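Counting along the sequence shown from 1, when you hit position 152 you're at 369 in my numbering, and nothing is skipped either side.
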Amino acid sequence: LSVIVYHLSLGADLISDPQEKTVFFELCVRAGRKAMKASEFAEASAHFERAILLLGDEKWSDKHDTSIVLLQDAAEVSYCIGDFNRMDRHLDLVLQNAKTIEDRLRAYTIQIYASGARHRVREALDTAMDILRQLGEPLPTKIGKITFVAEMIKTKWNLLGKSQRFFTVLRCRRPQTTL
Numbered sequence: 218l219s220v221i222v223y224h225l226s227l228g229a230d231l232i233s234d235p236q237e238k239t240v241f242f243e244l245c246v247r248a249g250r251k252a253m254k255a256s257e258f259a260e261a262s263a264h265f266e267r268a269i270l271l272l273g274d275e276k277w278s279d280k281h282d283t284s285i286v287l288l289q290d291a292a293e294v295s296y297c298i299g300d301f302n303r304m305d306r307h308l309d310l311v312l313q314n315a316k317t318i319e320d321r322l323r324a325y326t327i328q329i330y331a332s333g334a335r336h337r338v339r340e341a342l343d344t345a346m347d348i349l350r351q352l353g354e355p356l357p358t359k360i361g362k363i364t365f366v367a368e369m370i371k372t373k374w375n376l377l378g379k380s381q382r383f384f385t386v387l388r389c390r391r392p393q394t395t396l
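Here it is, written out as structure tokens:
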């Protein structure tokens, strides 16, 4: 598939039919995802970049959801090859055009991993705190000893009498996150 997409891309400027452009776009995305699964991140990046170019100005009007996912895929492979500037550009577009928190969650996850890879722990923590705030679970940035002890007592009280099975069930129900 990658070879076919590569050869088609050599003549991509000659494609004028909208249906042919759509087919070529879908081939680029499929080739990018296939390369991504095979850990061929540079190749995946090239396919995703080609697909982004094919979307053009329709990106946010006609194909919003497709654009969000494509840019997140492109950002992820850019992170994997260490192209943080490109990753940041893609994530900025996602975050500027996301309509829901669900649209932003994967972008934030990639940002957190990238911050860790760049040894920017404070940035990763700030991003995580911002996500929690958006999800309605704000955490205080500074707490005193009294607040800490009060929260520990409250937690112990809430857990009083809970069986080991309760914690096992909680562990099993934890939502899976993918990157």
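Backbone N, C-alpha and C fix where the C-beta goes; we use that ideal spot for every residue, glycine too.
Being a predicted model, the structure only gives us computed values, none of them experimental.
Residue j beta carbon less than 9 Å from that of residue i
{"i": "Gln289", "j": "Ala324", "result": "yes"}
{"i": "Val246", "j": "Phe265", "result": "yes"}
{"i": "Leu272", "j": "Thr283", "result": "yes"}
{"i": "His307", "j": "Ala291", "result": "yes"}
{"i": "Arg294", "j": "Gly249", "result": "Note that residue 294 is Val in the sequence shown here, rather than Arg. Going by C-beta atoms, Val294 is nearer than 9 Å to Gly249."}
{"i": "Val311", "j": "Arg321", "result": "yes"}
{"i": "Pro355", "j": "Met369", "result": "no"}
Residue range of the alpha helix (DSSP H) that includes residue i
{"i": "Asp279", "result": "Looking at the DSSP string, Asp279 is not in any alpha helix (DSSP H), and its letter there is neither H nor E."}
{"i": "Pro235", "result": "Pro235 to Lys254"}
{"i": "Thr344", "result": "Val338 to Gln351"}
{"i": "Arg306", "result": "Phe301 to Asn314"}
{"i": "Glu354", "result": "It is not in any alpha helix (DSSP H) - Glu354 carries neither H nor E in the DSSP assignment."}
{"i": "Gly333", "result": "Ile318 to Ala334"}
{"i": "Glu257", "result": "Unbroken run through Glu257: none, as it is neither H nor E."}
{"i": "Leu376", "result": "Lys362 to Leu376"}
Anticipated Cβ contact below 8 Å, residue i with residue j, distance rounded
{"i": "Ile329", "j": "Ala341", "result": "5 Å"}
{"i": "Arg339", "j": "Phe301", "result": "The Cβ separation is near 17 Å, so there is no contact."}
{"i": "Leu261", "j": "Phe242", "result": "The residue you asked about is not Leu; residue 261 is Ala in the sequence shown. Actually they are not in contact, since the Cβ atoms of Ala261 and Phe242 sit about 15 Å apart, beyond 8 Å."}
{"i": "Ile298", "j": "Ala252", "result": "The pair is not a contact, with the Cβ atoms about 12 Å apart (cut-off 8 Å)."}
Nonlocal neighbours in the same chain, by C-beta distance under 6 Å from residue i, ignoring five residues either side
{"i": "Leu387", "result": "Because the pLDDT of Leu387 is 49, which lies under 50, any placement of that residue in the model is unreliable, and the question is left without a value."}
{"i": "Ile318", "result": "Gln351"}
Neighbourhood of residue i by C-beta distance below 8 Å, restricted to the same chain and skipping five residues each side
{"i": "Asp234", "result": "none"}
{"i": "Ile285", "result": "Val311, Asn314, Ala315 and Asp320"}
{"i": "Lys280", "result": "Leu272"}
{"i": "Leu358", "result": "Note on residue identity: the sequence assigns Thr, not Leu, to residue 358. Cβ neighbours of Thr358 beyond the five flanking positions: Met346."}
{"i": "Tyr296", "result": "Met304, Ile327, Tyr330, Ala331 and Ala334"}
Neighbourhood of residue i by C-beta distance below 7 Å, restricted to the same chain and skipping five residues each side
{"i": "Cys389", "result": "With a pLDDT of only 47 at Cys389, under the threshold of 50, the placement of this residue in the model should not be trusted, and no figure is reported."}
{"i": "Thr344", "result": "Tyr325, Gln328, Ile329 and Ser332"}
{"i": "Lys238", "result": "Ile232 and Leu271"}
{"i": "Leu349", "result": "Pro355 and Leu356"}
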